[in-house]
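Numbering (the working numbering), first residue to last: 11 to 480.
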Amino acid sequence: MHNSTLSDLNLQKTLKKDKEFLEKTQLPIITVSSTYIEDLKGFHNLPEEDKSKDVVFSRAHYSMALAIAVQAWKDQIDPQKAWVVDPTNYVQAQEWSKIIFTETIGKTLARAPILKKLKDLADRFARNKLPILASITPPLLYLTENIDKPILSLHIASGNIMATQGKQVVQMVTDPHVREDYLNEAERKNMTFLVFDEKTKTDFIEKSVNLNKKVDQDRVIVTGPPVDPRIVQFSQNKQIWQKGPVKLCITTGGLGTNKNEIKTILEQLLPELRKKPSPYQVLVYAGTHLDIYNMVKQLAAAHKVAINEIKSLDPANFKPGGKLSKLNNNQQNSSIAIQDNRLSLIYHPQIVDANELLTHLAFPWADGFISKPSGDMAYDAIASGSFLLTLQEWGEWEHNIRQIFTQVGAARQANTKDIVAQLELLQKSTNNSPSWIEQAMSSAKKIDPLFVRGAKNIVKAYESVKKQQA
Numbered sequence: 011m012h013n014s015t016l017s018d019l020n021l022q023k024t025l026k027k028d029k030e031f032l033e034k035t036q037l038p039i040i041t042v043s044s045t046y047i048e049d050l051k052g053f054h055n056l057p058e059e060d061k062s063k064d065v066v067f068s069r070a071h072y073s074m075a076l077a078i079a080v081q082a083w084k085d086q087i088d089p090q091k092a093w094v095v096d097p098t099n100y101v102q103a104q105e106w107s108k109i110i111f112t113e114t115i116g117k118t119l120a121r122a123p124i125l126k127k128l129k130d131l132a133d134r135f136a137r138n139k140l141p142i143l144a145s146i147t148p149p150l151l152y153l154t155e156n157i158d159k160p161i162l163s164l165h166i167a168s169g170n171i172m173a174t175q176g177k178q179v180v181q182m183v184t185d186p187h188v189r190e191d192y193l194n195e196a197e198r199k200n201m202t203f204l205v206f207d208e209k210t211k212t213d214f215i216e217k218s219v220n221l222n223k224k225v226d227q228d229r230v231i232v233t234g235p236p237v238d239p240r241i242v243q244f245s246q247n248k249q250i251w252q253k254g255p256v257k258l259c260i261t262t263g264g265l266g267t268n269k270n271e272i273k274t275i276l277e278q279l280l281p282e283l284r285k286k287p288s289p290y291q292v293l294v295y296a297g298t299h300l301d302i303y304n305m306v307k308q309l310a311a312a313h314k315v316a317i318n319e320i321k322s323l324d325p326a327n328f329k330p331g332g333k334l335s336k337l338n339n340n341q342q343n344s345s346i347a348i349q350d351n352r353l354s355l356i357y358h359p360q361i362v363d364a365n366e367l368l369t370h371l372a373f374p375w376a377d378g379f380i381s382k383p384s385g386d387m388a389y390d391a392i393a394s395g396s397f398l399l400t401l402q403e404w405g406e407w408e409h410n411i412r413q414i415f416t417q418v419g420a421a422r423q424a425n426t427k428d429i430v431a432q433l434e435l436l437q438k439s440t441n442n443s444p445s446w447i448e449q450a451m452s453s454a455k456k457i458d459p460l461f462v463r464g465a466k467n468i469v470k471a472y473e474s475v476k477k478q479q480a
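Laid out in structure tokens, this is it:
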């Protein structure tokens with residue numbers, strides 16, 4: 011893998027800089043989530059195009075990697091403390107069709123509920139069985155060839171590839187669910203695993219025994235999930251809803267999941283927004299998905315509801331020394347606009363910018379989220395002090411996530427076919443006891459610290475592994 015395999019001359023420059031940053035940083039982080047080529051160029055002070063479309067497989071694997079970097083950086087981006095690279099950005103030109111093909115498969119599955127019943131197909135798309143596995147291997151090996159310290163991996167595909175090359179790998183198991191992929195190279199002494207909770211650790215050890223794998227239990231460390239510490243801070247100042255409009259954030263995922271459910275919910279909520287006073291304020295996170303953005307606009311027009319569109323130009327303040335506590339442009343104006351409008355919509359064609367808008371505008375504002383119980387949105391929503399109404403799960407791991415947060419009283423399944431009646435019921439207090447919304451938000455704010463301090467625990471665990479292997 012050499013720079014010459016990339017057709018974009020500016021990408022050749024960012025590849026060189028990313029390789030250098032990974033080799034020199036205290037905490038090298040690798041993930042497989044998306045292509046954010048233009049934001050890479052901008053970070054390295056090269057010309058960037060803010061309107062071009064990123065290819066996105068997973069917001070989770072991007073946002074979780076970023077969460078750990080933010081924990082190491084604190085409030086200012088410092089490549090010497092931590093650096094994140096996704097080798098998908100550097101797939102060779104002749105392999106690019108596989109990137110597009112992978113995204114197309116994922117979006118098709120996400121938008122066709124009948125295909126979700128084909129579990130083997132969904133599983134084939136996920137994690138270590140990505141069609142692009144061979145494509146990301148050359149840039150991954152090139153980026154990491156000179157790194158001697160442990161490398162933190164947020165995707166099992168990258169972790170297994172590096173482990174077979176003899177690299178010291180600290181692999182994050184991002185969900186309360188252990189795929190067999192995680193055990194492919196688990197016997198290797200150069201692999202350490204960080205897991206969601208004690209039950210996940212037990213499951214990990216049991217599955218390794220069932221597969222006749224000898225895994226050292228000391229190399230399986232409980233840390234909790236990686237949640238951006240900026241989101242955790244919002245919980246401290248968030249007021250528990252008691253009366254007035256309920257502030258709802260409805261979200262899709264990295265592949266545009268739950269589009270039909272989101273449409274069904276909006277068709278019921280939009281007439282409510284025309285009432286005076288309106289019982290709800292709604293913010294829709296369309297992510298990087300133009301079709302969902304257009305759907306929301308069309309529904310709003312059909313129901314004659316004014317819409318506040320949030321499409322800031324290059325909002326991510328991602329520069330060396332950039333402050334992570336603020337957006338690059340119009341953060342205050344955007345926040346005020348959400349507060350003053352009944353319906354708002356976040357969309358950006360690039361994942362870095364879409365994620366920053368979500369982080370800075372949705373999490374501090376929302377009383378509750380309506381979202382699938384994914385390993386990013388569910389963690390983040392609860393950590394921000396919000397309640398969660400869950401949409402259809404994408405896989406077994408999301409069933410587990412929903413059960414965990416339901417058991418602690420912060421989540422329940424959304425009744426998508428009668429969402430207004432459900433929300434009205436959840437706002438009611440009986441016999442002088444708090445409403446479910448009040449109780450759920452209170453439970454979220456009091457949740458076990460393991461679920462909100464994962465990023466801190468992960469950095470600590472990584473440092474421990476690095477010391478042992480020095």
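Backbone N, C-alpha and C define an ideal beta-carbon position, used for all residues, glycine too.
| query | result |
| --- | --- |
| So, with DSSP's three-state summary, where would you put E473? | helix |
| Roughly how many angstroms lie between the CA atoms of L25 and L153, to the nearest whole one? | 8 Å |
| With DSSP run on the structure shown, which of helix, strand or coil describes W83? | helix |
| Relative to the C-alpha of T298, which residue among I215, A310, T45 and L19 is closest? | T45 |
| Report the option in N304, G395 and H165 whose CA atom is closest to the CA atom of K257. | G395 |
| Taking buried to mean at least 16 other C-beta atoms within 10 Å of its own C-beta, is N467 buried or exposed? | buried |
| In its own chain, which residues sit with a C-beta less than 7 Å from the C-beta of E403, not counting the 5 before and 5 after it? | K382, P383, H409 and R412 |
| Could you compute how far the alpha carbon of V65 sits from the alpha carbon of I109? | 8 Å |
| Could you tell me which uninterrupted beta strand (DSSP E) segments, each at least 3 residues in length, are contained entirely in the segment 327-378, listed from first to last along the chain? | 353-357 |
| Answer yes or no: do S445 and Q432 have a C-beta to C-beta separation smaller than 8 Å? | no |
| Between which two residues does the alpha helix (DSSP H) holding R412 run? | E406 to Q417 |
| Decide yes or no for the touch test of the segment 92-104 against the segment 202-211: beta carbon pairs closer than 8 Å, at least 3 of them. | no |
| Taking P38 as part of the beta strand (DSSP E), name the residues at either end of that continuous run. | P38 to I40 |
| Give the DSSP-derived three-state secondary structure of E319 in the structure shown. | strand |
| Taking DSSP as the reference, what is the three-state secondary structure of L204? | strand |
| Figure out for me which residue from A388, R352, T41 and K27 has the closest Cα to the Cα of N170. | T41 |
| Here's the rule I'm using: 16 or more other beta-carbon atoms within 10 Å means buried, otherwise exposed. How should D49 be labelled? | buried |
| Out of Q243, E208 and D238, point me to the one whose CA is closest to Q227's CA. | E208 |
| I'd like to know whether the C-beta atoms of Y295 and P255 end up nearer to each other than 8 Å. | no |
| In whole angstroms, what is the alpha-carbon distance linking E448 and I250? | 6 Å |
| According to DSSP, simplified to helix, strand and coil, what is G2? | Residue 2 lies beyond the range of the chain shown here (11 to 480); nothing can be said about it. |
| Using 8 Å as the threshold, is the C-beta distance between A77 and A92 below it? | no |
| According to DSSP, which residues form a beta bridge with W93? | P38 |
| Write down every uninterrupted run of the alpha helix (DSSP H) in the segment 156-227 whose length is 4 residues or greater and which is fully enclosed by it, in chain order. | 166-174 and 208-220 |
| Going by beta carbon distance, what residues of the same chain come within less than 7 Å of L367, once the five residues before and after it are set aside? | I320, S322, P325, I356 and H358 |
| Tell me K257's beta-bridge partners as DSSP assigns them. | Q291 |
| How many Å lie between F397 and A391 at the Cα? | 7 Å |
| Is it buried or exposed, T262, if we count other Cβ atoms within 10 angstroms and call 16 or more buried? | buried |
| If P149 and V188 are in contact, beta carbons under 8 Å, what's the gap, nearest whole angstrom? | 28 Å between Cβ atoms; not a contact. |
| Do three or more CB pairs link the segment 235-246 to the segment 262-276 at distances below 8 Å? | no |
| Does I447 come out as helix, strand or coil in the three-state DSSP assignment? | helix |
| Which of helix, strand or coil does DSSP assign to I109? | helix |
| If the criterion is Cβ atoms closer than 8 Å, does the pair K224 and E197 meet it? | yes |
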